[in-house]
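Asker: Position 23 of the sequence shown, counted from 1, bears residue number 1382 in the working numbering, the numbering being contiguous throughout. The structure follows.
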Amino acid sequence: MRQMTVSLREEQARWVESKVGDSSDHQSKSAVIRFIIDDHQDRNEELVELQRKREELENKVQRLQNEKKLILQQREEHTELVESIQREQTMAERKNKAGVATRFKWWLTGMPDE
């Protein structure tokens, strides 16, 4: 391993020293510093992965919202089409039931909406 000299603030030095000893996993101050650096690198890698997953999920949410919007628009168009067909069928039924004089009147003046 390569040797380095590190300067720490007093409270940092006390904290590192408190992590060394029989009740700790670290047998030296250097081991504590190595552990901190390794842990920091691991957490950064995990952060990058979590950010990537978050972006994927945000994209998926956006895609699903767009799909939902499209489905709602299609449903509205379908409903309008069904209503239009029902109106046409109702008008056709009225024409079929109407007498000749009534149909002639409608031909001249137009068929009322009701």
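Every residue, glycine too, gets a C-beta built ideally from N, C-alpha and C.
Going by DSSP, name the residue or residues bridged to H1437.
Answerer: Its beta-bridge partners do not exist; DSSP assigns none.
Asker: Using beta-carbon positions only, say whether A1365 and V1391 come within less than 7 Å of one another.
Answerer: Checking the sequence shown, residue 1365 turns out to be Val, not Ala. It is not a contact, given that the beta carbons lie outside the stated cut-off.
Asker: Counting along the chain, where does the alpha helix (DSSP H) carrying L1467 start and finish?
Answerer: Element bounds for L1467: 1459–1468.
Asker: What are the residues that DSSP puts in a beta bridge with H1385?
Answerer: H1385 pairs with V1379.
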